[in-house]
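Engineer: First, the structure itself, so that you have it in front of you.
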Amino acid sequence: MRIEEALESFEIYLKAVENKSIKTVEAYMSDLQAYTSFLLERGKTKIEEISILDLDAFFDQYQRNHAKASCSRALSSIRSFHKQASLEDASLPNPTRSYKGFSASKHLPVYLSVEQIKMLLDSFPSDLEGIYEKTILLMLYSCGLRVSELCALQVNDIRLQERIVLVKHGKGDKERIVPMALACKEQLGLYLKQCRSIWNTSNSSLLLVNPKGKAITRQFVHSMIKRKVIELGFDPRISAHSFRHSFASHLLDGNADLRSVQELLGHSDIRTTQIYTHIQNERLSRAYDSYFPDLDKEGE
């Protein structure tokens with residue numbers, strides 16, 4: 001049975017047999033649209049092709065941007081959907097029958113998907129402040145910086161042509177070298193030419209200065225990100241540090257090894273980096289240098 005047919009049949013069942021309210025039916029169908037869209041992206045078009053592995057992958061992704069209560073509701077909707085499909089056609093498997101449910105942990109970092117990163121970058125206007133704010137977010141994400149490290153960057157810490165950032169004020173005063181994505185290099189060059197050259201009236205050595213020529217503050221970065229999260233309707237738990245989490249998670253998804261990610265993040269203990277292995281969804285076939293060009297093409 002095709003997924004679309006099963007979905008239509010289930011909606012009729014909810015309305016005609018279960019006599020559910022309009023709002024309840026809409027809630028069910030909203031959950032199932034997210035689920036079936038995910039399945040179609042994985043190449044699954046028929047109910048009999050769906051396995052427990054698909055459920056695991058779906059909830060691994062869904063938990064990133066939805067509260068535990070929303071995930072529980074989605075699971076309930078999906079269980080009802082598969083149960084009804086198997087009742088209509090006994091030959092159809094019901095993968096939810098043996099599915100024990102997702103394991104949500106409040107200790108797992110909150111991060112953004114690649115699609116959300118692109119959506120966020122595309123949301124900035126092309127005026128000077130838009131260039132400035134987009135530069136901040138690209139550096140947080142593509143370099144995996146802490147906010148304190150970003151605010152402390154000096155102009156001399158940037159090797160633009162080499163696409164390298166020297167992080168000299170990391171946690172515990174440890175120094176490290178971080179590559180820079182091509183998209184970040186181009187955006188930073190735009191900021192230096194169009195914004196900093198005009199705003200830096202006090203001849204500050206800091207890389208990032210605001211329109212008044214003053215040093216960027218952590219408070220500004222946090223408030224700007226909060227504003228964008230609300231504007232785009234993202235998970236309200238997303239913070240400035242979520243971009244660092246996203247950096248690590250996307251590198252691991254791209255098959256980067258854990259030790260390299262540890263060095264890029266500046267972690268002293270690899271056990272700190274291992275938290276990111278628990279939030280991986282699907283591993284991509286390329287690591288840092290091959291992953292970020294996709295962002296270059298679509299995010300600019």
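Position 287 (the sequence shown) corresponds to 287 in UniProt numbering; numbering is contiguous. We put the beta carbon where it would ideally sit given N, CA and C, even for glycine.
Measure the CB-CB distance between glycine 130 and leucine 160 and report whether it falls below 8 Å.
Structural biologist: The residue labelled residue 130 in the question sits at position 130 within the sequence shown. The residue labelled residue 160 in the question sits at position 160 within the sequence shown. Not a contact, by the Cβ cut-off of 8 Å.
Engineer: Buried or exposed: aspartate 89, going by 16 or more other Cβ atoms within 10 Å of its Cβ?
Structural biologist: By 1-based counting over the sequence shown, the position of residue 89 is 89. Its Cβ having fewer than 16 others within 10 Å, aspartate 89 is exposed.
Engineer: Find out if the Cβ-Cβ distance for the pair isoleucine 238, valine 229 is shorter than 8 Å.
Structural biologist: Numbered from its first residue, the sequence shown carries residue 238 at position 238. Numbered from its first residue, the sequence shown carries residue 229 at position 229. Their beta carbons are under 8 Å apart, which means isoleucine 238 touches valine 229 by this criterion.
Engineer: With three or more C-beta pairs closer than 8 Å as the rule, is the segment 242-258 touching the segment 150-159?
Structural biologist: Verdict: no, contact absent.
Engineer: For glutamate 133, count neighbouring Cβ atoms within 10 angstroms of its own Cβ and tell me buried if that reaches 16, exposed if not.
Structural biologist: As a working note, residue 133 is residue 133 in the sequence shown. So glutamate 133 counts as buried.
Engineer: Quick test of the definition: if touching needs 3 or more C-beta pairs under 8 Å, does the segment 195-204 touch the segment 115-123?
Structural biologist: Output reads no: the segment 115-123 does not touch the segment 195-204.
Engineer: Reducing DSSP to helix, strand and coil, say where glutamine 33 ends up.
Structural biologist: Residue 33 sits at position 33 when you count from the first residue of the sequence shown. Reduced to three states, the DSSP call for glutamine 33 is helix.
Engineer: Just to confirm before moving on: does the CB-CB distance between isoleucine 12 and isoleucine 47 stay below 8 Å?
Structural biologist: The count along the sequence shown starts at 1 and reaches residue 12 at position 12. The count along the sequence shown starts at 1 and reaches residue 47 at position 47. No, the Cβ-Cβ distance between isoleucine 12 and isoleucine 47 is not below 8 Å.
Engineer: With 16 as the cutoff for other CB atoms within 10 Å, does valine 17 come out buried or exposed?
Structural biologist: By 1-based counting over the sequence shown, the position of residue 17 is 17. Classification for valine 17: exposed.
Engineer: Would leucine 140 and phenylalanine 243 be called neighbours here (beta carbons separated by less than 8 Å)?
Structural biologist: The count along the sequence shown starts at 1 and reaches residue 140 at position 140. The count along the sequence shown starts at 1 and reaches residue 243 at position 243. Yes. Within cutoff.
Engineer: With distances taken between CB atoms, is the gap from residue 325 to leucine 92 smaller than 8 Å?
Structural biologist: An answer regarding residue 325 cannot be provided, because it is not within the stretch 1 to 300 covered by the chain.
Engineer: Given that a residue counts as buried once 16 or more other Cβ atoms are within 10 Å of its Cβ, and exposed if not, what is isoleucine 22?
Structural biologist: Taking the first residue of the sequence shown as 1, we reach residue 22 at position 22. Flag for isoleucine 22 reads exposed.
Engineer: At what residues does the alpha helix (DSSP H) containing isoleucine 230 begin and finish?
Structural biologist: In the sequence shown, the residue the question calls residue 230 occupies position 230. Unbroken alpha helix (DSSP H) run through isoleucine 230: 218-232.
Engineer: So is isoleucine 198 buried or exposed if we call it buried at 16+ other beta carbons inside 10 Å?
Structural biologist: Taking the sequence shown and counting its residues from 1, the one referred to as residue 198 is at position 198. It is exposed - the Cβ of isoleucine 198 has fewer than 16 other Cβ atoms within 10 Å.
Engineer: To the nearest angstrom, report how far apart serine 148 and valine 167 are at their CA atoms.
Structural biologist: Within the sequence shown, numbered from 1, the residue matching residue 148 stands at position 148. Within the sequence shown, numbered from 1, the residue matching residue 167 stands at position 167. Roughly 11 Å between the two C-alpha positions.
Engineer: Could you spell out the range, first to last residue, of the alpha helix (DSSP H) harbouring arginine 79?
Structural biologist: As a first step, residue 79 must be located in the sequence shown, where it is residue number 79. Here the alpha helix (DSSP H) through arginine 79 covers 68-88.
Engineer: On the CB-based measure, 16 or more other CB atoms within 10 Å of its CB, does glycine 101 come out buried or exposed?
Structural biologist: As a first step, residue 101 is located in the sequence shown; it is residue number 101 there, counting from the start. Glycine 101 should be labelled exposed.
Engineer: Just to confirm before moving on: does the CB-CB distance between arginine 73 and threonine 96 stay below 8 Å?
Structural biologist: Position 73 of the sequence shown, counting from 1, holds the residue named residue 73. Position 96 of the sequence shown, counting from 1, holds the residue named residue 96. Result no, Cβ atoms of arginine 73 and threonine 96 do not sit closer than 8 Å.
Engineer: Nearest-angstrom Cα distance between leucine 36 and asparagine 94?
Structural biologist: Here residue 36 refers to the residue found at position 36 when the sequence shown is read from its first residue. Here residue 94 refers to the residue found at position 94 when the sequence shown is read from its first residue. The sequence shown places threonine at residue 36, rather than the leucine named in the question. Roughly 15 Å between the two C-alpha positions.
Engineer: If you reduce the DSSP assignment to three classes, tell me which class proline 236 lands in.
Structural biologist: As a first step, residue 236 is located in the sequence shown; it is residue number 236 there, counting from the start. Note: proline 236 maps to coil in three-state DSSP.
Engineer: Among Pro211, Ala57, Cys143, Glu175, which residue has its Cα nearest to the Cα of arginine 163?
Structural biologist: Taking the first residue of the sequence shown as position 1, residue 163 is located at position 163. Looking at the Cα atoms, Cys143 is the closest of the given residues.
Engineer: Mind checking which residues open and close the alpha helix (DSSP H) that includes arginine 259?
Structural biologist: Sequence index remark: in the sequence shown, residue 259 carries index 259 (1-based). It spans 258-265 - the alpha helix (DSSP H) in which arginine 259 sits, taken as one unbroken run.
Engineer: Grouping DSSP H, G and I as helix and E and B as strand, with all else coil, what is isoleucine 47?
Structural biologist: By one-based count along the sequence shown, residue 47 stands at place 47. In this structure, isoleucine 47 counts as helix in the three-state DSSP scheme.
Engineer: Between the Cα of histidine 241 and the Cα atoms of Val110, Asp253, Glu49, which residue gives the shortest distance?
Structural biologist: Residue numbering aside, residue 241 sits at position 241 when the sequence shown is read from its first letter. For the residues Val110, Asp253, Glu49, the minimum Cα distance to histidine 241 belongs to Val110.
Engineer: Evaluate lysine 212 with the Cβ neighbour count: other Cβ atoms within 10 Å of its Cβ, from every protein chain shown; 16 or more gives buried, anything less gives exposed.
Structural biologist: Numbered from 1 along the sequence shown, position 212 holds the residue referred to as residue 212. It counts as exposed.
Engineer: Starting from tyrosine 176 and walking both ways along the alpha helix (DSSP H), at which residues does that stretch end?
Structural biologist: Walking along the sequence shown from the start, residue 176 turns up at place 176. Checking the displayed sequence, the identity of residue 176 turns out to be arginine instead of tyrosine. Taken as a continuous stretch (DSSP letters only), arginine 176 belongs to no alpha helix (DSSP H), being part of the beta strand (DSSP E) at 176-179.
Engineer: Of the choices Ser113, Met224, Ser76, Phe59, whose alpha-carbon is the least far from that of isoleucine 136?
Structural biologist: Taking the first residue of the sequence shown as position 1, residue 136 is located at position 136. Nearest option by C-alpha distance: Met224.
Engineer: Out of Leu207, Asn210, Leu138, which has the shortest C-alpha to C-alpha gap to leucine 182?
Structural biologist: Against the sequence shown, residue 182 aligns to sequence position 182. Nearest C-alpha to leucine 182: Leu138.
Engineer: Since leucine 128 and glutamine 194 should fall inside the 8 Å C-beta cutoff, what is the C-beta to C-beta distance between them, to a whole number of angstroms?
Structural biologist: For the purposes of this step, residue 128 is taken as residue 128 along the sequence shown, with counting starting at 1. For the purposes of this step, residue 194 is taken as residue 194 along the sequence shown, with counting starting at 1. The Cβ separation is near 6 Å, so the contact holds.
Engineer: Assuming glycine 266 and lysine 118 make a contact with CB atoms under 8 Å, what is their CB distance in whole Å?
Structural biologist: If you number the sequence shown from 1, residue 266 lands on position 266. If you number the sequence shown from 1, residue 118 lands on position 118. In fact, because the Cβ distance is near 26 Å, the residues do not count as touching under 8 Å.
Engineer: Excluding the 5 residues flanking arginine 227 on each side, which residues of the same chain have their C-beta closer than 7 Å to its C-beta?
Structural biologist: As a first step, residue 227 is located in the sequence shown; it is residue number 227 there, counting from the start. None.
Engineer: Taking only runs that begin and end inside the segment 133-174, name each unbroken beta strand (DSSP E) of 3 or more residues, in chain order.
Structural biologist: Counting only runs of 3 or more, we get 164-167.
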